[in-house]
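Okay, so here's the structure we're looking at.
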Amino acid sequence: MKKYFIAALLCMVMLIGLVPSAFAWSNYDTCMASIRQQKQIQAQAHQTANNLRNQGYADSCAGIQAAKKTWAAANAEIAAYTNLSRYTWDDIRILTTTVYHEAGCTTEQLRQYVARVALNRVEDSRFPNTVYGVITQRGQYNTKYATMDAAQAIKNKDAANGTRNWETCKSSVMTAMMGKTDMPKNVIYQANFTQGKGLWKSVYFNSGWFSSTSYFCYG
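FYI, the numbering for the sequence shown is 59 to 277, going by this note's numbering.
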């Protein structure tokens, strides 16, 4: 019986990992559906733990500890999807285009950092309170990043070259929007030089044919 419960928990853990890959990225209803799935996983984990307790197992047993970890992992995903549900398809499209042009051929870390800086600005009273406003603000990013044509151009290039740069950048944006990127909220500057109120982190990148250092600074 104990082996059965542990196997069930392993299946639940696998399901937690698979749900985001099926996610439609920007749809509020889909976010809510993903949250419901995670709540079902929590309910199953809770039931598994209770069943083991009813069989006389202590909370220190491996099965109950695994159930608790499954419940906590699902809870983290609920928080992440709740964060993501605040954004629209246009928000994701615009920020994906921005990340592509700012850091598309670098690393997952840099792509997430670029996205998070823009999102930090949205939440900062000194900047526009929308993704569109932040990206099109004069003297900051580039107004062209907000156009449908700019997004379509990336997709067309992917189709022609057999690449997946759009999807890769969109994944980075999603991760940042879900609150999974480790960056303080007062980091609001990103450039190849330091600025603002001091450096939070610098990231060096070398592709073999070009290199750069990005500076992420407090505001």
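Cβ coordinates follow ideal geometry from the N, Cα and C atoms, glycine included.
(message) So VAL157 and SER230 are supposed to be a Cβ contact under 8 Å. How far apart are they, rounded?
(response) Counted from its first residue, the sequence shown places residue 157 at position 99. Counted from its first residue, the sequence shown places residue 230 at position 172. Yes, VAL157 and SER230 are in contact; Cβ-Cβ is about 6 Å, under 8 Å.
(request) Drop a sphere of 10 angstroms on the beta-carbon of LYS127, count the other beta-carbons inside from all chains shown, and report buried for 16 or more, exposed for fewer. (result) Along the sequence shown, one-based indexing puts residue 127 at 69. Answer is exposed; the Cβ neighbour count stays below 16.
(message) Tell me whether the stretch 146-162 and the stretch 185-192 touch, counting them as touching only if at least three CB pairs, one residue from each stretch, are closer than 8 Å.
(response) yes
(request) Compare the C-alpha of ALA103 against each of GLY114, ALA120, THR252, THR88 and name the closest. (result) Your numbering for residue 103 matches position 45 in the sequence shown. Ranking GLY114, ALA120, THR252, THR88 by Cα distance to ALA103 puts ALA120 first.
(message) On the criterion of 16 or more Cβ atoms from any shown chain inside 10 Å, does ASP87 qualify as buried, or is it exposed?
(response) Residue 87 sits at position 29 when you count from the first residue of the sequence shown. Burial call: exposed.
(message) Using a Cβ-Cβ cutoff of less than 6 Å, which residues in the same chain neighbour ALA107 once the five nearest sequence positions on both sides are dropped?
(response) Looking up residue 107 in the sequence shown gives position 49. Excluding positions up to five away in sequence, the list reads ILE122, ALA125.
(message) If contact is defined by three or more beta carbon pairs under 8 Å, each pair taking one atom from either stretch, is the stretch 162-176 in contact with the stretch 241-254?
(response) Segments in contact, yes.
(message) Taking the beta strand (DSSP E) that SER260 belongs to, which residues open and close that run?
(response) Residue mapping note: residue 260 aligns to position 202 of the sequence shown, counting from 1. 257-264 is the span of the beta strand (DSSP E), which, as asked, contains SER260.
(request) Report the three-state DSSP secondary structure of CYS89 (helix, strand or coil). (result) What you label residue 89 is simply residue 31 of the sequence shown in a count that begins at 1. Helix, per DSSP.
(request) Kindly indicate the opening and closing residues of the alpha helix (DSSP H) around ALA116. (result) To locate residue 116, count along the sequence shown from 1; it is residue 58. From DSSP, ALA116 is part of no alpha helix (DSSP H); its letter is neither H nor E.
(message) Taking DSSP's pairing of strands, which residues face VAL245 in a bridge?
(response) As a working note, residue 245 is residue 187 in the sequence shown. DSSP lists TYR276 as partners of VAL245.
(message) Please classify ALA132 as buried or exposed, where buried requires at least 16 other C-beta atoms within 10 Å of its C-beta.
(response) Taking the sequence shown and counting its residues from 1, one reaches residue 132 at position 74. ALA132 should be labelled buried.
(request) Assign ARG269 to one of three DSSP states: helix, strand, or coil. (result) Your numbering for residue 269 matches position 211 in the sequence shown. Looking at the sequence shown, residue 269 is not Arg but Ser. Strand.
(message) Taking the straight line between their C-alpha atoms, what separation do you get for ASP240 and GLU225?
(response) For the purposes of this step, residue 240 is identified with residue 182 of the sequence shown, where counting begins at 1. For the purposes of this step, residue 225 is identified with residue 167 of the sequence shown, where counting begins at 1. Roughly 21 Å between the two C-alpha positions.
(message) Can you list, in chain order, the residues of its chain with a C-beta nearer than 7 Å to that of LYS202? Leave out the 5 residues immediately preceding and following it.
(response) For this step, residue 202 is matched to residue 144 along the sequence shown. ALA208, listed in sequence order.
(message) I need the DSSP call for GLY197, collapsed to helix, strand or coil.
(response) In the sequence shown, residue 197 corresponds to position 139, counting from 1. Note: GLY197 maps to coil in three-state DSSP.
(message) Distance check for GLY114 and THR1, CA to CA, integer angstroms please.
(response) What is shown of the chain runs 59 to 277, which leaves residue 1 out entirely.
(message) Once DSSP output is grouped into helix, strand and coil, what is the label at MET236?
(response) Position 178 of the sequence shown, counted from the start, is the residue given in the question as residue 236. Coil.
(request) Kindly indicate the opening and closing residues of the alpha helix (DSSP H) around GLU181. (result) The count along the sequence shown starts at 1 and reaches residue 181 at position 123. Unbroken run through GLU181: none, as it is neither H nor E.
(request) Look at the alpha carbon of MET235 and the alpha carbon of ASP149, and state the distance between them as a whole number of angstroms. (result) Counting from 1 along the sequence shown, the entry for residue 235 is found at position 177. Counting from 1 along the sequence shown, the entry for residue 149 is found at position 91. Rounded to the nearest angstrom, the two C-alpha atoms are 10 Å apart.
(request) Could you tell me whether the Cβ atoms of SER272 and SER260 are closer together than 8 Å? (result) Your numbering for residue 272 matches position 214 in the sequence shown. Your numbering for residue 260 matches position 202 in the sequence shown. Yes, the Cβ-Cβ distance between SER272 and SER260 is below 8 Å.
(request) Check each candidate in TYR262, GLY237, PHE263 and name the one with the smallest Cα separation from TYR145. (result) In the sequence shown, residue 145 corresponds to position 87, counting from 1. Taking only the C-alpha atoms, the option nearest TYR145 is GLY237.
(message) If you follow the alpha helix (DSSP H) that GLN123 is in, where does it begin and where does it stop?
(response) Here residue 123 refers to the residue found at position 65 of the sequence shown. Here the alpha helix (DSSP H) through GLN123 covers 120-142.
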